[in-house]
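Encoded as structure tokens, the structure appears first; notes follow it.
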Amino acid sequence: MARPSTLPIDAPTDEQIVCHVDADCFYVACERLREPTLRGEPVIVGMGYEAGESHGAVATASYEAREHGVQSAQSIDAALETLPRRGDADTDEPTAYYRPVDMDFYESVSDDIRTVLEASADVVRPVSIDEAYLDVTDRTDWETVASFGAELKATIRERAGIVVSVGIAPTMSAAKIASDAQKPDGLTLVEPGEVRSFLAPLDVEAIHNVGPATARKLRGLGIETAADLASADPDRLTAQFGERGRAIYRYARGEDGRDVTPRDDPKSFSRESAFSQPVADHDQLKERVQTLASAVADRAARNGALYQTIGIKVVEPPYDVHTRARSLSGPVADPALLEDVARDLLTEFEGTRVRKVGVRVSKLSFTDREQVALSGFDTGAASDDTETTATERTPPGEHSDGVAATEATPADADEGATSPEPTDSPHLSGQTTLSDFG
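Just so you know, we're using our numbering here: the sequence shown kicks off at 20 and counts up by one.
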């Protein structure tokens, strides 16, 4: 069967075809990827938690945990109290089902998903670490798009190990709602002409731009469902809610003229490559990293970007992800330096069996300011590069996706602490970024 990027197109369509891809319980899914024993268990992923302390909140919870009453943003202490003890856990260990947020690892998995999405659509708009819109109008048609969606889901599962739900519709707002309709592992197609009838029975809060507060006000006006909103007096809605009232009226009627557009400026550029069999030959790994670094440098140059942080990702079998990143003293556009740093970061993994490697640049700058000269870089200099481990990360950003109200976008992730140890090179800042690879 053809992959999503190669499905045939029999005829052009006047309606755009939008896919909304949403990873199911993404943080939990990532933890299960590296700890398969957690599958089927009620797992909580949170941040800010210390045993015996009242602070700390649930970032996301598995569907099994939700069946016990666990909710996003609930205190972790309260959430853990609702869960049964694991049979293989020490009875004095209350956190057997708890894992701290590890943004490094989650972003590396998100990067794998994004690679599939970018190969499958001409326009991709990521909106968070675990969801994105795709415009696939020129890749498929309404007769074949269901197969396209199924193949997209299968490819993501094969290459990233993550289950996603996909909604397909002629508008962004309907595609988003469709992706939520059959979670987990859902595929929902809403064809042109069916959007309004698809939305009609839904609670009014499901409509784009209708949050809990607006929904309460609408219910106070006797508007309970999308059908009620679609048949309401738009002038009355405008009087009550301003221009947003008219906008939500249109959304409820299936009218959404927005196009899928990329985000303004990318936060990073990366390239990854997997081996058919794990490789331990360091020369072969260096050659692959050099090739990837060259590709990343070329992409940055084509986008007019300078970069200040250079990183690599190394994946050991079965899926142990390590990242290293080095921050420079200023933004550069220097392919040779990028290759030197990437190869130097790889040195630590000599003798390691590797199934995948990646190179990434971040802390991008798109200004015309003069770049910093780094001609004195010493590839033998000591660095403060730090390994990705299951350490707790605290993402400051929030979004509401129906799964985890506090999962953050890669751009919002904390970049980690500065190492207290200086480097030998005067051109390196000594900062190690723990969540820069994604």
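Every residue, glycine too, gets a C-beta built ideally from N, C-alpha and C.
The model shown is predicted, which means the values in this text are computed figures rather than measured ones.
Judged by their CB atoms, THR190 and VAL164 are not nearer to each other than the 8 Å cut-off.
For TYR46, the enclosing alpha helix (DSSP H) starts and ends at 45-53. In this structure ILE331 is in contact with LEU365, their Cβ atoms being roughly 6 Å apart against a cut-off of 8 Å.
For LEU240 and ALA225, the gap between their C-alpha atoms comes out near 17 Å.
The Cβ-Cβ distance between ASP149 and VAL182 does not fall below 8 Å. Note that the C-beta distance between ALA197 and HIS39 is below 8 Å. Taking the CA atoms as reference points, MET66 sits about 37 Å from PRO354. Inter-segment contact for the segment 363-383 and the segment 315-331 is present: three or more beta-carbon pairs are separated by less than 8 Å. Ranked by Cα distance from ALA312, the options ARG290, LEU208, GLY261 and ARG374 are led by ARG290.
Only residues of its own chain outside the window of five on either side were considered, and among them ILE226, HIS227, ASN228, VAL229, THR233, LEU248, LEU256 and PHE260 have a CB closer than 8 Å to the CB of ILE267, listed in chain order. Bounds of the alpha helix (DSSP H) holding LEU218 are 214-218. Here THR101 has HIS87, GLY88 and VAL89 as same chain residues with Cβ atoms under 7 Å from its own Cβ, once five neighbours each way along the sequence are excluded. Residue burial annotation: GLN35 is buried, with at least 16 other C-beta atoms found within 10 angstroms of its C-beta.
Secondary-structure assignment with DSSP links ARG263 through no beta bridge to anything. Contact annotation: VAL64 and GLU54 have beta-carbon atoms that are not nearer than 8 Å. When the alpha-carbon of ALA219 is set against those of VAL378, LYS236, PRO231 and GLU243, the nearest one is in GLU243.
Secondary structure note for GLY239: its alpha helix (DSSP H) is the uninterrupted segment 231-239.
Annotation: the continuous beta strand (DSSP E) that includes PRO145 extends over 142-147. Residue pairing by DSSP puts ARG345 in a beta bridge opposite ILE329.
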